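Trainee:
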Amino acid sequence: MKTGHTKSIGRTEGGTMEVDVEIRANTSNYWALLTFVDKSGQVHTKEINEEHKGTINGNYLTALIKAYEALNRPCMVTVYADSDYIVASFQNGWVDSWMRHNWKNAKGRTVRNVELWQELKQAMRPHSSRFIYRKEKK
5 MKTGHTKSIG RTEGGTMEVD VEIRANTSNY WALLTFVDKS GQVHTKEINE EHKGTINGNY
65 LTALIKAYEA LNRPCMVTVY ADSDYIVASF QNGWVDSWMR HNWKNAKGRT VRNVELWQEL
125 KQAMRPHSSR FIYRKEKK
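When the letters of the sequence shown are read in order and numbered with the working numbering, they come out as residues 5 to 142.
1. Between the stretch 122–129 and the stretch 62–74, are three or more C-beta pairs nearer than 8 Å?
2. Count Cβ pairs between the stretch 18–31 and the stretch 62–70 that sit closer than 8 Å; are there 3 or more?
3. Which residue from 54, 20, 45 and 47 puts its Cα closest to that of residue 36?
4. Which of the three DSSP states, helix, strand or coil, is assigned to residue 24?
5. In the DSSP assignment, the beta strand (DSSP E) including residue 134 goes from what residue to what residue?
6. Between residue 82 and residue 42, which are expected to be in contact by the criterion C-beta below 8 Å, what is the C-beta distance as a whole number of angstroms?
7. Check the DSSP bridge columns for residue 114 and list the partner residues they point to.
8. Who pairs with residue 38 in a beta bridge, going by DSSP?
9. Determine the direct distance from the alpha carbon of residue 77 to that of residue 121, and round the result to whole angstroms.
Now the structure itself:
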């Protein structure tokens, strides 16, 4: 991980590492920035940026999967995304509902990108997560 000297964004509290994850995506690439502050106050960041042809939502999901896979112990993760769909899917409980209904949506259709959603849920398992919508700065 790269280290830097910026204001504290995450922190270690009671043995649980707090990590902020910011994600962006379009049809040709995805990007994630993980940030945490260690016990000594040192800020650490890890950037994941890859070209990948796909749908925007598929690339958002891939960015999240790669971010969670970069974590080497259970963490409290705050995800910041400019995608209403990704954030709302977690905040509104849609993902849990899809899982309970064999990855079918309210209309009985298989959820798009089902394999990515399943992979993401597996990667998220050891972590606590919250999702916050943050409009992209232009």
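Ideal placement from N, C-alpha and C gives every residue a C-beta, glycine not left out.
In this text, all values refer to a predicted model and were calculated from it rather than measured experimentally.
Mentor: Let me spell this out:
1. yes
2. yes
3. Position 32 of the sequence shown holds residue 36. Among 54, 20, 45 and 47, the Cα nearest to that of residue 36 is on 54.
4. Locating residue 24 in the sequence shown gives position 20, counting from the first residue. Three-state result, residue 24: strand.
5. Taking the sequence shown and counting its residues from 1, one reaches residue 134 at position 130. That run of the beta strand (DSSP E) goes 132–137.
6. Taking the sequence shown and counting its residues from 1, the one referred to as residue 82 is at position 78. Taking the sequence shown and counting its residues from 1, the one referred to as residue 42 is at position 38. Rounded, the Cβ-Cβ distance is 17 Å, inconsistent with contact.
7. One-based indexing of the sequence shown puts residue 114 at position 110. Answer by DSSP bridge pairing, in chain order: 108.
8. The residue you call residue 38 lines up with position 34 of the sequence shown. Beta-bridge pairing links residue 38 to 25 and 50.
9. What you label residue 121 is simply residue 117 of the sequence shown in a count that begins at 1. What you label residue 77 is simply residue 73 of the sequence shown in a count that begins at 1. Distance between the alpha carbons of residue 121 and residue 77: 21 Å.
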